[in-house]
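Undergrad: Residues in the sequence shown are numbered from 1051 upward in steps of one, following the working numbering. The structure's right below; bear with me while I get my questions together.
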Amino acid sequence: MRIKHVSMMLAGSTLIVTLAASPALADSTSLPDPDTAAVSAVHRTALAQGAPGALTRIDDGDLSRHIATGEADKAAHTPMDTGRRFRAGSVSKTFTAVVLLQLVAEGRVELDAPANRYLPEPLPDDRITVRHLLSHRSGLYDYTNDMFQQTVPGFEAVRHRVFSYQELIHLSTARPLNNEPGAAYSYSNTNFVVLGRLIEHTTGTPIATHYQQRIFTPLRLRNTSYIHPRTSLSGSYARGYLRQDDTTLPPVDSTEQTVSWAQSAGAVISNGEDLNRFLSALLSGRLLPAEQLRDMTTMVPVTSDGKQSYGLGLRGRTLSCGTTVYGHTGTVQGYYTYAFTTSDGARSMTSLANTSNNGTVNATLGATLEASFCGSDAAQARRAAPSETVTEDVAPQLAPN
């Protein structure tokens, strides 16, 4: 992008930067302009609720808006900025789904075939299909409910561990299914661990190589990586802080870990620019043929009000202005992420708060979607709407603190 205009403003402790090329590309969804002041207000609320810092990057054609608040590193008091890398958590599921659906397009996997056809060790029910795994309808129990029942002790027990896919799958299959395959939506990290195993077994190629060759390199995602089981982030990054269950105790710096407990369900590292580019490319048809993209974006409601839905490795959110955006949320110890784009990929938004085990912050951060896609009218509409319970992508059957 060739920068023609730069505007900067400081609102309290929030830095708002707008970068524009001239002329800007039109947003074909004809959405109102993002409300950066409202995004900044959401950030400040998240900080008051315990997040050390927050960032939001909005890319809309050739116009880019950057809002950053608070600290990326509490010890060094380093200001947050929107270029920082972070652990993207369950946004990784969308990367995994793209790889799998490319294999479907290549005729190497069938969506409605039994998953056991492609696995070296069978799942406990032959009725579980590949589509069931992608849509969280397999019924497989989420082992993270047990692993992180006690948040910090659970994290410290696995921080440096390296699991095989099969070890994680066995943790799940030691428990009965939540429901019969296909009967109901039940979010489970196990599904995408199984998909990672399936991809590697079917192709003989590590998931890291698939990510790199199929997504990172073609899209020039220079700040996106999958380094499992290495523990350290490189370059400019935000440190993550895990709130303890006893909130009178200080948060734990959770930046360094293998994320081996998640792997293909949650171990991708990225930043706002790359996640926006990835989702824009996906929804605009650059990563999947039309048939597979249509499968991925065929949504089934997962909340009682119908405003939240799930496709194949992709979440849908219907906002107060009537538009539906597509992407994924992400939770990994010390990081909450929202990464979404419009149906044509014209406007994309990524928000991060560098904390977790704080359901209040997670719900608050979600309001950046309204401000980014619905503009200045979103705040009033949001106040009028009933609040929806926010569930976590980690240990989803446990109530968030």
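Virtual Cβ for every residue (Gly too), placed ideally from N, Cα, C.
1) Inspect the beta-carbon positions of Pro1238 and Tyr1191 and report whether they are closer than 8 Å.
2) Of the choices Val1302, Ser1236, Ser1320, whose alpha-carbon is the least far from that of Gly1285?
3) In the DSSP assignment, what residue or residues form a beta bridge with Leu1003?
4) Please tell me whether Arg1264 has its Cβ less than 8 Å away from any Cβ of chain B.
5) Check Ser1320 in the structure and name its three-state DSSP category.
6) Can you tell me where the alpha helix (DSSP H) holding Gly1204 begins and where it ends?
7) Whole angstroms is fine: what's the gap from Asp1295's alpha carbon to Gln1199's?
8) If you compare alpha carbons, which of Gln1447, Glu1442, Leu1415 is closest to Thr1106?
9) If you follow the beta strand (DSSP E) that Met1399 is in, where does it begin and where does it stop?
10) Express the C-alpha separation of Arg1211 and Thr1348 in angstroms, rounding to a whole number.
11) Which of the three DSSP states, helix, strand or coil, is assigned to His1182?
12) Less than 8 Å between the beta carbons of Leu1329 and Ala1389, yes or no?
13) Within 10 Å of its beta-carbon, does Leu1299 have 16 or more other beta-carbons around it, so buried, or fewer, so exposed?
14) Starting from the Cα of Asn1130, find the closest Cα among Arg1137, Gly1120, Lys1124, Ala1138 and give me that residue.
15) Rounded to a whole number of angstroms, what is the C-alpha to C-alpha distance between Thr1392 and Thr1374?
16) Could you tell me the boundaries of the beta strand (DSSP E) in which Asp1110 lies?
17) Rounded to whole angstroms, what is the Cα-Cα separation between Asp1303 and Ala1445?
18) Report the three-state DSSP secondary structure of Ile1066 (helix, strand or coil).
19) Compare the beta carbon distance of His1116 and Thr1132 with 8 Å and say whether it is the shorter of the two.
20) The alpha helix (DSSP H) spanning Gln1216 covers which residue range?
21) His1251 by DSSP, collapsed to three states: which one?
22) In whole angstroms, what is the alpha-carbon distance linking Arg1367 and Lys1357?
23) Ignoring anything shorter than 3 residues, give me the beta strand (DSSP E) runs that lie fully in the stretch 1088 to 1170, in order along the chain.
24) Check whether the Cβ atoms of Pro1226 and Asp1175 lie closer than 8 Å to each other.
25) When DSSP labels each residue in this structure, what does Asp1175 get in the three-state scheme?
26) Going by beta carbon distance, what residues of the same chain come within less than 6 Å of Ser1271, once the five residues before and after it are set aside?
27) Using a Cβ distance threshold of 8 Å, determine whether the stretch 1097 to 1112 contacts the stretch 1264 to 1279, with at least three qualifying pairs required.
28) Of the residues Thr1144, Asp1110, Ala1155, which one's Cα is nearest the Cα of Pro1339?
TA: Straight from the coordinates:
1) According to the sequence displayed, residue 1238 carries Ser and not Pro. Yes, the pair counts as a contact, with Cβ atoms nearer than the cut-off.
2) Of Val1302, Ser1236, Ser1320, the smallest CA-CA separation from Gly1285 is found for Ser1320.
3) Nothing can be reported for residue 1003: it is not among the residues displayed for the chain, which extend from 1051 to 1451.
4) Among the protein chains of the structure shown there is no chain B, as only one such chain exists.
5) strand
6) 1201 to 1208
7) 10 Å
8) Leu1415
9) 1397 to 1403
10) 37 Å
11) helix
12) yes
13) exposed
14) As written in the sequence, residue 1130 is Met, which differs from the Asn given in the question. Considering only alpha carbons, the answer is Gly1120.
15) 7 Å
16) It spans 1103 to 1110 - the beta strand (DSSP E) in which Asp1110 sits, taken as one unbroken run.
17) 20 Å
18) Secondary structure of Ile1066 (DSSP, three-state): strand.
19) Yes. Within cutoff.
20) 1215 to 1223
21) helix
22) 6 Å
23) 1103 to 1110, 1113 to 1123
24) No, these two residues do not count as a Cβ contact at 8 Å.
25) Asp1175: coil per DSSP, three-state reduction.
26) Note that residue 1271 corresponds to Leu in the displayed sequence, not to Ser. Asp1324.
27) no
28) Ala1155
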